[in-house]
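For the sequence shown, UniProt numbering gives the first residue as 1, with consecutive numbering after it. Here's the structure we're looking at; comments come further down.
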Amino acid sequence: MIFNRKHTYISIFLMGTMAFGQVKRPNATPYTNEGTFEKFKKKYPFLTPINRPVPQNIGIDKDVEYKNINGISLKADIYYPKDQSKKYPGIAMVHGGGWISGSKENEKYMAMKLASKGYVIIAIGYRLADVAKYPAAVEDIATGIQWLRKNHKKYALDKKKIAVYGESAGAQIATLVGVKSHNKIKAVINVDGIVSFIHPEAEESTYAAYWLNGDREVNLKNWTEASPLEYVDKNTPPTLFINSSQPRFHAGRDDMMNKLKQYNILTEFHEIKDSPHSFWSAEPWFTETLNLTVAFLDKVLK
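Here's what the structure looks like:
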């Protein structure tokens, strides 16, 4: 009986995939810091919301269009030190949300704090899965970084020193951009994002299949192409992993770290003890994530 029911579900799933040419849209909910905190607070009563004022030493340019694609305006927020007397490293930030939800606004607190510590930040809005499937989001992040490099004088950016930072699905995208050598990225910060869709540890399913335009069996090419682990070589930049205590989001991490070590490339991982996924959306985990990020980037970029 159990087997028959399971078989029926699989059959319906595959029929839906074949009939419509793609996986049915997941029932995604809005993904925000505030919503995540509300979800966490009953189970983790010691948490508090992130509530940081805008630092006095930074400027913010909101909703800057970095590209218009077929009438779709792609926008980013730029956070930068007001003191323009020297050049600063840059960080491209990529929000999470299962490739289907979330927004660049999720990055505002982290972006403000990083800018206040001497970095030029671009929090990039990108095309989500409802608008465009893989590889659109990856291309958008790379385009946003190119835009920042072109505008380096305006923001006192050292265009040769740019890192990528992402959380969850955004960490997967950021890491993929980081490992492709033509993007010339100097550091990767992966906050609880998988680095392989095809690794034996990988448990991704509906959300990934929706973004990658077919499940693993139907579109193995995309699942492989979108896996950062496949590209690691001697040119891969130093990489920091900051993880929750949820094993699902570590898929491929250890193998990637082992490869990096073989090439004598700096890599670290830190696990936030007893934490859920999206831990960075509340205090004290936000501050812990911030401090780990700054310590690594100061070491690599400054």
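We put the CB at the ideal spot given by N, CA and C, even for glycine. All figures in this text were calculated on a predicted structure; none of them were measured in a lab.
Length of the line joining the Cα atoms of residue i and residue j
| i | j | result |
| --- | --- | --- |
| Val64 | Pro237 | 28 angstroms |
| Phe241 | Leu260 | 12 angstroms |
| Asp158 | Lys24 | 43 angstroms |
| Ser244 | Asp192 | 6 angstroms |
| Tyr80 | Asn222 | 36 angstroms |
| Lys39 | Arg253 | 27 angstroms |
| Arg216 | Ile58 | 44 angstroms |
| Asp274 | Tyr44 | 10 angstroms |
| Ile78 | Lys87 | 15 angstroms |
| Thr17 | Val218 | Because Thr17 carries a pLDDT of 39, less than 50, the predicted location of this residue cannot be relied on, and no value is offered for it. |
| Val195 | Ala169 | 10 angstroms |
| Gln172 | Gln262 | 22 angstroms |
| Thr143 | Thr267 | 26 angstroms |
| Pro53 | Ala295 | 22 angstroms |
| Thr224 | Gly178 | 16 angstroms |
| Gly71 | Asp130 | 16 angstroms |
| Gln246 | Gly98 | 16 angstroms |
| Asn264 | Lys299 | 16 angstroms |
Contacting residues, own chain, Cβ-Cβ under 7 angstroms from residue i (five flanking each side not counted)
| i | result |
| --- | --- |
| Thr32 | Asn106 |
| Ala226 | Tyr134, Leu176, Phe197 and Leu212 |
| Leu47 | Phe37, Phe40, Lys41, Ala282 and Glu283 |
| Gly21 | At Gly21, the pLDDT of 49 sits below 50, so the modelled position is not reliable and the matter cannot be decided from this model. |
| Lys180 | Tyr231 |
| Gly125 | Leu74, Lys75, Ala76, Ser103 and Lys104 |
| Val138 | Ile173, Leu176 and Val177 |
In DSSP terms, what residue i is bridged to
| i | result |
| --- | --- |
| residue 304 | Nothing can be reported for residue 304: it is not among the residues displayed for the chain, which extend from 1 to 302. |
| Val179 | Paired residues: none, contrary to the question. |
| Ser73 | Asn68 |
| Gln243 | Checking the sequence shown, residue 243 turns out to be Asn, not Gln. Per DSSP, Glu271. |
| Leu157 | Tyr88 |
| Thr48 | Glu283 |
| Ile100 | DSSP lists no partner for Ile100. |
| Pro81 | Ile58 |
| Ile124 | Ala76 |
Sequence-distant residues of its chain with Cβ nearer than 6 angstroms to residue i (five each side left out)
| i | result |
| --- | --- |
| Leu128 | Ile100 |
| Asp161 | The amino acid at residue 161 is misidentified as Asp; the sequence shows Lys. Result list for Lys161: Pro89, Lys186 and Leu301, in chain order. |
| Thr206 | Pro26 |
| Gln84 | Ala156 |
| Ile60 | Tyr79 |
| Glu201 | Ala251 |
| Lys62 | Asp77 |
Beta-carbon contacts of residue i that lie in its chain and below 8 angstroms, excluding the five residues immediately before and after
| i | result |
| --- | --- |
| Thr29 | Gly35 and Ser101 |
| Glu203 | Arg248 and Ala251 |
| Leu292 | Leu240, Ile242 and His270 |
| Trp285 | Leu47, Ile272, Ser275 and Phe279 |
| Ile50 | Asn33, Phe37, Tyr109, Ser281, Ala282, Glu283 and Phe286 |
| Gly166 | Met93, Val94, His95, Gly96, Gln172, Ile173, Ala174, Thr175, Ile189, Asn190, Val191 and Gly193 |
| Leu290 | Met110, Lys113 and Leu114 |
| Pro55 | Met112, Lys113, Ala115 and Ser116 |
| Asn68 | Leu74 |
Cβ-Cβ separation, residue j to residue i (assumed contact under 8 angstroms), whole Å
| i | j | result |
| --- | --- | --- |
| Lys42 | Ala76 | That belief does not hold up - the Cβ atoms of Lys42 and Ala76 are roughly 35 angstroms apart, past 8 angstroms. |
| Leu229 | Met256 | 5 angstroms |
| Glu119 | Ile145 | For the record, residue 119 in the displayed sequence is Tyr; it is not Glu. No, Tyr119 and Ile145 are not in contact; Cβ-Cβ is about 14 angstroms, not under 8 angstroms. |
Interface flag, residue i vs chain D, CB-CB below 8 angstroms
| i | result |
| --- | --- |
| Phe40 | In the displayed structure, chain D is absent; only one protein chain is listed. |
Any non-hydrogen atom of the ligand MN closer than 7 angstroms to residue i Cβ
| i | result |
| --- | --- |
| Arg25 | Absence of the ligand MN from the depicted structure is noted, as is the absence of any ligand whatsoever, leaving it without description. |
Using a Cβ distance threshold of 8 angstroms, determine whether the segment 138 to 153 contacts the segment 105 to 119, with at least three qualifying pairs required. Short answer: they don't touch.
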